[in-house]
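Report on the following structure.
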Amino acid sequence: MAIHRRKSTIWLTAAAAAMAVVAGGAAVVAISSSDGSALADGADKSLFVDITKVKPNVKKPRAENDATTGTFTVDCGRNENGHFNPDNFIAQPGVRNGAEHLHDYVGNLSTNADSNNKSLQAAGTTCKNGDKSAYFWPVVRIVDEEPDEAAPPAEQAPPKKDDKAQQDKDKAAKEAAQLECPDVASLLPEDVPDAAQPEIDRELENLEKVTAEAEKRLEQIKAQDRDNIIVGPTRNKRAAILDRMMLAFSRLGQQAPDLNPAAACAVKDKAAGEKGLDNGGENADAAQAEGTENKKNKNNPEENGNNELEGNEGKIQRPAVVDLTFRGSPTGKVTAMPKFLRVLYGDAKAGQNGPKNAKASWTCTGFEDKVLMDKYPICPQGSNVKRVHDFPSCWDGKNIDSANHRDHIVFPDQNGKCKRGFKAVPQLRISLTYNIPLDVQKDGRYLVDSFPEEEHNPLTDHDDFANVMSQKIMNRLVNCVNTGKKCRE
1 MAIHRRKSTI WLTAAAAAMA VVAGGAAVVA ISSSDGSALA DGADKSLFVD ITKVKPNVKK
61 PRAENDATTG TFTVDCGRNE NGHFNPDNFI AQPGVRNGAE HLHDYVGNLS TNADSNNKSL
121 QAAGTTCKNG DKSAYFWPVV RIVDEEPDEA APPAEQAPPK KDDKAQQDKD KAAKEAAQLE
181 CPDVASLLPE DVPDAAQPEI DRELENLEKV TAEAEKRLEQ IKAQDRDNII VGPTRNKRAA
241 ILDRMMLAFS RLGQQAPDLN PAAACAVKDK AAGEKGLDNG GENADAAQAE GTENKKNKNN
301 PEENGNNELE GNEGKIQRPA VVDLTFRGSP TGKVTAMPKF LRVLYGDAKA GQNGPKNAKA
361 SWTCTGFEDK VLMDKYPICP QGSNVKRVHD FPSCWDGKNI DSANHRDHIV FPDQNGKCKR
421 GFKAVPQLRI SLTYNIPLDV QKDGRYLVDS FPEEEHNPLT DHDDFANVMS QKIMNRLVNC
481 VNTGKKCRE
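Be aware that the sequence shown starts at 1, since it is given in UniProt numbering, and climbs by one per residue.
Following this line, the structure appears as structure tokens:
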């Protein structure tokens, strides 16, 4: 099928024109015709900027003496299996095509509109170390100037897979009773003694097994028998494991953390209306990201085998490099993220919501530490287009989510410090590098998928993350970051 610019690149609106101002010191001038439409092939050239003409604007907080300098990098591939969909289970749970633009996924293999804690935990993963977390961002496409029936795309996405069976399976899991247990890794001290680490890892793994076995049996037990057959015995088994973990600290003369409150689990049963743990819960059907108040059921998106959506067309560009790295804090040690924590980066509706939550994330290789732009970069010869997404890293210590999906985890201040009542967790940085031909950059023919009304505004670049790491992997991550190691898995 030919790829047209007809729908996806008529960008120059009053809102876009208003943004054509000085960007990082580089004057940007809109190129338009007398009727306000974009000239030539339809690209708004004001959204593309030569990065070599932009003044350095990246400022890093000064590292204090107790800064944590370690890193933990996870290899989850480049979405070689072609996992795409226009859903967002964090911002618009249960809504097919809720994003109205295509997301690129790595990590968890089941991620779709109906994903929840249970379905994510049960799924496989593309991550080599077994991390089941969901990492996803809008795809980047290259659009053609003219229709070309004969020329095949250089980087054509695999045919769209029929995921109805998976969607139905996840929807059923969402309705089924679920066992919710308190997170343990986030209750451990920031620096587990080296001598205790092997035992702590073993017990965290045992904790996962006990909880998984109870979850599996839950569906086979009548509601009135769950407390006696599932909840009580599971609490006792978890308590024994937690006691052994606390002893591991005491034997070394260390103050043991109080892990006793994490022994008891609760049953969440949507059908019965039972309430789960007070940990922020999963997304309620009414919970939506800012700017998505007019939620609609879009179960039949206009989509074909090339993964094209109305308003988002072109050849999908698989990243040449996907780097998922967790980093420390410039002000001290970090604590573990709780399992199932949801975290957002950027704002997919920055044009409507304003720049409050939007982030400048576009750069070129070799310029990452100097320039980040809210425009599409034109890179010098030998340099590649790159997106850098630094997630918020100050957690409220309690909730895995919040009504607007932001209040429970926020960014540190300009000095890298978390506000009162919040604690530093490992900061996720997702870096995406693309081999975009130089002529395509200069012609303004690459773009990020967006909501139709956002017209591919580069300021709407965003990213989503749901932590589904095992307690053992998360503990290993924290240890690497806090001890200054460079770990790759």
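The beta-carbon is built from N, C-alpha and C at its ideal position, and this holds for glycine as well.
Asked	Found
Opening and closing residue of the beta strand (DSSP E) in which residue 92 lies	No beta strand (DSSP E) holds residue 92; DSSP gives it neither H nor E.
Span separating the alpha-carbon of residue 48 from that of residue 443	9 angstroms
Classification of residue 188 by the beta-carbon crowding that lies within 10 angstroms, buried from 16 upward	buried
As assigned by DSSP and simplified to three states, the class of residue 373	strand
Close-in-space but distant-in-sequence residues of the same chain around residue 479 (CB under 7 angstroms, 5 per side omitted)	192, 197
Member of 239, 245, 368 whose CA lies at the smallest distance from the CA of residue 203	245
Which of helix, strand or coil DSSP assigns to residue 448	strand
Cβ-Cβ distance between residue 425 and residue 481 below 7 angstroms	no
Rounded Cβ spacing between residue 347 and residue 456 (contact assumed at less than 8 angstroms)	With a Cβ gap of about 15 angstroms, residue 347 and residue 456 do not count as contacting.
Residues of its chain near residue 139, where Cβ-Cβ distance is below 6 angstroms and the 5 sequence neighbours each way are ignored	102, 104, 316, 449
Residue burial classification, residue 372 (beta-carbon count within 10 angstroms, cutoff 16)	buried
Distance, residue 83 Cα to residue 410 Cα	29 angstroms
Separation of residue 263 from residue 200, as counted between CA atoms	16 angstroms
Rounded straight-line distance, which links the Cα of residue 253 to that of residue 106	42 angstroms
Contact set for residue 75: own chain, Cβ-Cβ below 6 angstroms, skip 5 residues either direction	128
The alpha helix (DSSP H) enclosing residue 391, as first and last residue numbers	Segment: none, residue 391 is in no alpha helix (DSSP H) and carries neither H nor E.
Cα-Cα separation between residue 355 and residue 454, rounded to whole angstroms	13 angstroms
Rounded separation between residue 78 and residue 50 - CA only	27 angstroms
Buried or exposed (CB count within 10 angstroms, at least 16 for buried), residue 141	buried
Contacting residues, own chain, Cβ-Cβ under 8 angstroms from residue 483 (five flanking each side not counted)	70, 191
Environment of residue 215 [buried if 16+ CB atoms lie within 10 Å]	buried
Under 7 angstroms between C-beta atoms of residue 392 and residue 63	no
Under 7 angstroms between C-beta atoms of residue 109 and residue 94	no
Which residues DSSP lists as bridging residue 462, in chain order	346
Pairwise C-alpha distance: residue 366 and residue 131	29 angstroms
Alpha helix (DSSP H) segment containing residue 200, residue limits	197-218
Whole-number beta carbon distance between residue 440 and residue 434, since they are thought to touch under 8 angstroms	Their Cβ separation, rounded to whole angstroms, is 10 angstroms, which puts residue 434 and residue 440 out of contact at 8 angstroms.
Cβ neighbour criterion (16 or more within 10 Å) applied to residue 91	buried
Outcome for residue 251 when other beta-carbon atoms lying within 10 angstroms are tallied against a minimum of 16	exposed
Beta-carbon gap between residue 405 and residue 396 smaller than 7 angstroms	no
Neighbourhood of residue 389 by C-beta distance below 6 angstroms, restricted to the same chain and skipping five residues each side	345, 361, 430, 463
Backbone CA spacing between residue 470 and residue 370 [nearest angstrom]	36 angstroms
Reference residue 403, options 376, 342, 96, 194, closest by Cα	342
Beta-carbon proximity of residue 340 to residue 428, cut-off 7 angstroms	no
Every unbroken alpha helix (DSSP H) within the region 87-132, with a cutoff of 4 residues, ordered by chain	117-122
Residue 67 (DSSP reduced to helix, strand or coil)	coil
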